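Peer 1: All the letters of the sequence shown, read from the start, carry residue numbers 1 to 255 under UniProt numbering.
What follows is a single structure, and I will ask about it in a moment.
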Amino acid sequence: MYGEEFEDKVVLVTGSQQGLGESTVLLFASLGSKIVITDLVKDEIEKVALKCQSVSPKKYKPLTVVCDLTSEDEIKKLVKETIDTFGRLDVLVNNAGYYTEGNVLQPEVLKIWDNHCLVNVRAIMNLCHLFLPYLVETKGCIITVTNIPVAFYPEYYVCATTSRAAADMFTKNMAAQFASKGVRVNTVHVGGIDTPGFGRMAHAEEKRKVLLEITPLRRLAQPKEIAKAIWFLASSGASFMTGISLTVDGGAILL
1 MYGEEFEDKV VLVTGSQQGL GESTVLLFAS LGSKIVITDL VKDEIEKVAL
51 KCQSVSPKKY KPLTVVCDLT SEDEIKKLVK ETIDTFGRLD VLVNNAGYYT
101 EGNVLQPEVL KIWDNHCLVN VRAIMNLCHL FLPYLVETKG CIITVTNIPV
151 AFYPEYYVCA TTSRAAADMF TKNMAAQFAS KGVRVNTVHV GGIDTPGFGR
201 MAHAEEKRKV LLEITPLRRL AQPKEIAKAI WFLASSGASF MTGISLTVDG
251 GAILL
């Protein structure tokens with residue numbers, strides 16, 4: 001219904017070498033968008049770029065940029081290469097996230113917290129800081145992927161969920177500040193997603209069991225299901241939506 005409106009739009013998705021990020025760039029590529037794929041491993045993002053080119057109606061070759069989001073210089077390089085290549089940006093998807101186990105009683109908890117904030121908050125703010133002038137020009141949009149706002153996560157999620165909550169509040173501030181300039185800013189709240197990254201987590205099966213227990217649909221989301229929510233928020237179907245959090249969690253927020 002809204003697919004044709006994404007033809008020739010420039011879409012950048014962070015953390016797009018696998019999982020949800022990969023599904024998202026593949027969806028937008030199939031709709032004719034010009035894609036920026038960015039992540040940490042060159043070979044992996046190049047593989048995703050080939051997939052995107054194969055599904056692109058006009059066989060557009062994506063821009064691939066290796067970028068460590070904890071580095072201000074590398075973020076500046078990402079912005080420069082995007083604008084130098086395409087001259088614009090229409091959709092920014094802040095999908096990349098950092099997670100490692102940690103609870104508040106650990107001696108190194110502040111270091112763990114700082115590492116989460118570098119990617120889950122600071123990088124998002126920096127990307128918005130640098131890209132918003134271009135998004136104002138295109139009347140584009142920003143979608144950030146965060147967690148459902150619940151307190152029943154096990155103790156080892158404390159840094160991840162708290163840093164994601166900060167990203168939620170930043171989103172609401174940006175939505176209020178830039179609505180008058182035609183830029184919409186929203187989040188997608190997710191529960192468990194069945195991605196390769198999830199499978200590599202420490203105690204992955206224990207985490208899967210916990211998530212299944214708190215999810216009424218009794219399964220994890222497939223990355224494509226979340227990608228469709230991101231697509232919707234970027235589309236004209238969500239043209240009167242800004243500052244909202246679209247929850248796609250299999251009903252976990254109900255419990």
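All C-beta atoms, glycine included, are put in the ideal place defined by N, C-alpha and C.
Source: prediction; values computed, not measured.
Once DSSP output is grouped into helix, strand and coil, what is the label at Lys228?
Peer 2: Residue state, collapsed to three classes: helix.
Peer 1: Find the nearest neighbour of Leu40 within the set Trp113, Gln18, Lys51, judged by alpha-carbon distance.
Peer 2: It is Gln18.
Peer 1: Where DSSP assigns a beta bridge to Ala221, which residues make up the other side?
Peer 2: Ile193, per the DSSP bridge assignment.
Peer 1: According to DSSP, is Ile75 part of a helix, a strand, or is it coil?
Peer 2: Ile75: helix per DSSP, three-state reduction.
Peer 1: Which value, in whole angstroms, describes the spacing of the CA atoms of Cys128 and Gly251?
Peer 2: Straight-line Cα distance between these residues: approximately 30 Å.
Peer 1: State the Cα-Cα distance for the pair Val10 and Leu105, rounded to the nearest angstrom.
Peer 2: Val10 and Leu105: Cα-Cα distance of roughly 44 Å.
Peer 1: Please return the same chain residues whose Cβ sits closer than 6 Å to the Cβ of Val109, not counting the five positions on each side in sequence.
Peer 2: So the qualifying residues of the chain are Gly102.
Peer 1: For Cys141, report the span of its beta strand (DSSP E) as first-last.
Peer 2: Run containing Cys141: 141–147, per the beta strand (DSSP E) assignment.
Peer 1: Could you tell me which of Ile112, Asp194, Met174, Ile142 sits nearest to Thr161, measuring between CA atoms?
Peer 2: For Thr161, the nearest C-alpha among the options comes from Ile112.
Peer 1: Residue ranges of each beta strand (DSSP E) run of no fewer than 3 residues wholly in the stretch 56–108, ordered along the chain?
Peer 2: Taking only runs of at least 3 residues, the beta strand (DSSP E) segments lying wholly in the stretch 56–108 are 63–66, 91–94.
Peer 1: Please name the residue, chosen from Thr24, Leu31, Gly21, Ser163, that lies closest to Tyr98 on a Cα-to-Cα basis.
Peer 2: The option with the nearest alpha carbon to Tyr98 is Ser163.
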